[in-house]
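Structure record follows, encoded as structure tokens.
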Amino acid sequence: MIFAPKFPLRFKEQKGFENVLDAKELIRFHLMNILMTSPGEKISDSNFGVGIRNYLFENISDGLINNLRDIINEQISSYAPYVSTTQIRILPFPEQNKLVISISYNISNTRDSDVINLEFSGTPTSGAAY
Amino acid sequence: MPKKPNIKYTSRSFASIKNDLVEHAKRYYPNTFNDFSNASFGGLIFDAVAYVGDVLSFYLDYQTNESFLETAIDYNNVRKLSSQMGYNFYGNPASYGVATFYILVPANPTGLGPDTRYIPKLMVNSKVKTTNGATFRLTETVDFNDPTVEVVAARFDNATGKPTQYALRTFGQVKSGVEFLKEVEIGEYTKFLRVRVGSAAINEVISVFDSEGHEYFQVDNLTQEVVYKETTNPNAASDNVPSIIKPFVASRRFTVEQDQTGTYLQFGYGNEKTIDKNGFTNPSEVILQMSGKNYITDTAFDPSKFLGTDKFGIVPSNTTLMITYGSNDSSDVNVPINGFSQVSSPKWDFYRDLTNPSAANQQIVKDSVEVSNEEVILVENTIPTVDEIRYRAYATFAAQNRIVTKNDYEAYVYQMPAKFGKVSRVNIVNDPSGINKRLAMYVISKDQNDNLIQTNDTVKANLKVWLNKNKMMADQIDIFDAKIINVGFNYKYATEPGFSKTTVQAAVNSALKALFSEKLYIGEPIYITTLYQTINRVQGVVDTIKVQPIVKNSGNYSNLGLFVDDILSKDGTFLKCPKNCVFEIKFLDEDLKGTVL
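Residue numbers (the numbering used here), protein chains in the order written: chain B, 2 to 131; chain D, 6 to 602.
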């Protein structure tokens, strides 16, 4: 049984803070945190995070994409060891300063697998969407 | 009764606080929260709380450390804590020296000698300017009629060849800085009134009067009620002592406090109704405590405290304070030879030309005045570092206003007020050539470039007077200049493969400069092994192969004619410093030369 509050926090009378529904939802939340946190941002661990926003305005090349894929893979292995990635697809849209990332993974100790599709855009108002 | 939470108060760092929080949540809230991964929302919360805890721990440590002189690092705090222990220093010190004054005086009608009617006095507080704009004041009246004044014929009549004017030369003590007057309106009676005088560069509060004419006296601390006042000695000519010191009860008194924000006068909280004792007193009367008991209790003896009052002096109220203070008007008050340019504000007294004064002849004399200096005027004007303040405070505290031990003497020398000049290093030893407990005091100062220089003669004269105040009656002290031995070191070392030799050399240079950043003390040896250790500790150095000391004897150095073998210990591990000498590595860039193998 997972006891972890759903983010953003929602408080319900009698029940307290609303929890996530299942492991898939929690893992999606973890993966999004890993991707969106910039290295140095987390106080206790300066290596934590991919910092995907830093790549949105980079000069996109195959080398950069491969490098980003390696970093994502490494971060997930380090900070979300309970999943094993099967595929990471990165689709760049340089004209719109946008990256679409699709991560397919299996959840360890279960036979469940899932795919998370995240879209990161350079426009100020937009965040990740999945 | 609710059970007290199990809190580990010994956890103070970020990691330990976070760890405790996680353990606490796991133990007490297993059915509420169990997502402890780094990527979770809980990770953020734990981080944030541990962050706050760590910051609180830091400030707790900081505040505690800053409460003790041993561990304080903030300059103002160290200064305040030292002040509590009795060590104070003020502002940019004044420099003292001797100026040479020249005037032309018309010849007397016979042409033999100057006309004495037009030989004036140049009065105290006349001002002279240096070429770099600093102002100096005469601290004594210079009488050109004194028999020691040199007189030479300077101008001649072309027709008769007789002298028409004579040049007179004499000397006068000058002191850097100018006097400023500040008026401060004081309102209603306020306990422990604190008045800001000006910036932290003030080196002397000269006088404080209120609008009713009462004088306020500066004391070391507000419990001190007695000041020693100078009064003119009527038998000065026969005694050869110009002044007599008398104890004076200073009901109106203040202390001077200074920090980096400015200079302040601190008053007590008495008023005129509660304290009316003021003026010269008979110590044998006021020091007796009247008691109805048939016994007396032994109380601590303090010679500066005669009266029993707890009001700390009268605080001014509903008046205007007129505060006269002294401060340098230039950052550079060192004067090279012939560095004085003009007598900017002379005050003349033609006291022999009163019956039938000649304005024209007086004007000739006034217009002719010139000033120069034959000796360099230097002052140690570097502000003491935190460590210097700390150690001087310990020594001052231990001395307790009495000079008995060697440490007492050293502390008291450093405590001399800035208005009398400053010495940078002092060492006191039994004079090897003296008898009857003679002591030899060796002193040295620093110039504006932080290099050691011999202490100015005027500062030494002031030091003598200053020490006489509290020294043991039987002690006889000779003050000498410490001799500077300029040394350098050549060293060789090997670097690890893969390290840039240039980078390692820069790091070694930097480490050695840090080692010698503070000037050594008089008589302090230099351990060559320390240089080996310092170089070896630098990252990239495999081993130090050789450190070769050198005595610097060329033009820019002290040039005592010594050789290394004269000062090297038998085993070659340190340089012995005689008790009257001080080692100095004058030019850190040039005197420490390294070779990488």
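Glycine included, C-beta positions come from ideal geometry on N, C-alpha and C.
Taking a cut-off of 8 Å on C-beta distances, the region 149-167 of chain D does not touch the region 177-189 of chain D, as fewer than three cross pairs fall below it.
Membership of V21 of chain B in any beta strand (DSSP E) is not indicated, and neither H nor E is assigned to it by DSSP. Taking the Cα of N323 of chain D as reference, the smallest distance to any Cα among D:Q347, D:F355, D:E277 and D:S332 is reached at D:E277. DSSP, read as helix, strand or coil, puts S346 of chain D in strand. Using a Cβ distance threshold of 8 Å, A5 of chain B and I35 of chain B do not count as a contacting pair.
Distance from T460 of chain D to I449 of chain D at the Cβ level is roughly 6 Å; contact confirmed, criterion being Cβ atoms closer than 8 Å.
Taking all protein chains in view, the Cβ of V348 of chain D is crowded by 16 or more other Cβ atoms within 10 Å, so the residue is classified as buried. Looking at the backbone, the Cα of R17 of chain D and that of K9 of chain D are separated by about 20 Å. Taken in chain order, the unbroken stretches of beta strand (DSSP E) that lie wholly in the region 146-202 of chain D and span 3 residues or more are 155-161, 168-181 and 183-191.
The region 341-360 of chain D and the region 135-145 of chain D touch, with three or more beta-carbon pairs separated by less than 8 Å.
Rounded to whole angstroms, the Cβ separation of Y269 of chain D and V320 of chain D is 14 Å, and the two are not in contact under 8 Å. Using a Cβ-Cβ cut-off of 8 Å, K524 of chain D does not count as an interface residue toward chain B, since no Cβ of chain B sits closer than that to its own. Proximity of chain B to N43 of chain D at the Cβ level (cut-off 8 Å) is accounted for by K43, S45, D46, F49 and Y80, in chain order. Taking the CA atoms as reference points, E188 of chain D sits about 13 Å from V210 of chain D.
Residue-level contact check: F568 of chain D does not touch chain B, since none of the beta carbons of chain B fall below 8 Å from its beta carbon. Contact annotation for G47 of chain D against chain B: A5 and P6 [CB-CB distance below 9 Å, chain order]. Not flagged as an interface residue toward chain B: F63 of chain D, since no C-beta distance is shorter than 8 Å.
Annotated three-state conformation of L27 of chain B is helix, per DSSP. Rounded to whole angstroms, the gap between the alpha carbons of T146 of chain D and D120 of chain D is 20 Å. Per the Cβ contact rule, the region 467-474 of chain D is not in contact with the region 549-560 of chain D (fewer than 3 Cβ pairs under 8 Å). Not flagged as an interface residue toward chain D: I89 of chain B, since no C-beta distance is shorter than 8 Å. Considering only B:I72, B:E42 and B:K7, the residue with the shortest C-alpha distance to I91 of chain B is B:I72.
Relative to V101 of chain B, the option among B:L22, B:S45, B:I66 and B:K25 whose CA is nearest is B:I66. DSSP places L10 of chain B in the coil class of the three-state scheme, outside both helix and strand. Between L119 of chain B and chain D, the shortest Cβ-Cβ separation is not below 8 Å. Residue range I207 to D215 is occupied by the beta strand (DSSP E) that includes V213 of chain D, with no alpha helix (DSSP H) assigned at that position. Residue pairing by DSSP places T507 of chain D in no beta bridge whatsoever. One thing to note: K524 of chain D has its Cβ within 8 Å of the Cβ of K451 of chain D. Here the region 109-118 of chain D makes no contact with the region 90-98 of chain D; the two share fewer than three CB pairs at distances below 8 Å. Within the DSSP secondary-structure output, G267 of chain D pairs in a beta bridge with D:D264.
For the region 123-139 of chain D, the set of residues with a beta-carbon nearer than 7 Å to any beta-carbon of chain B is empty.
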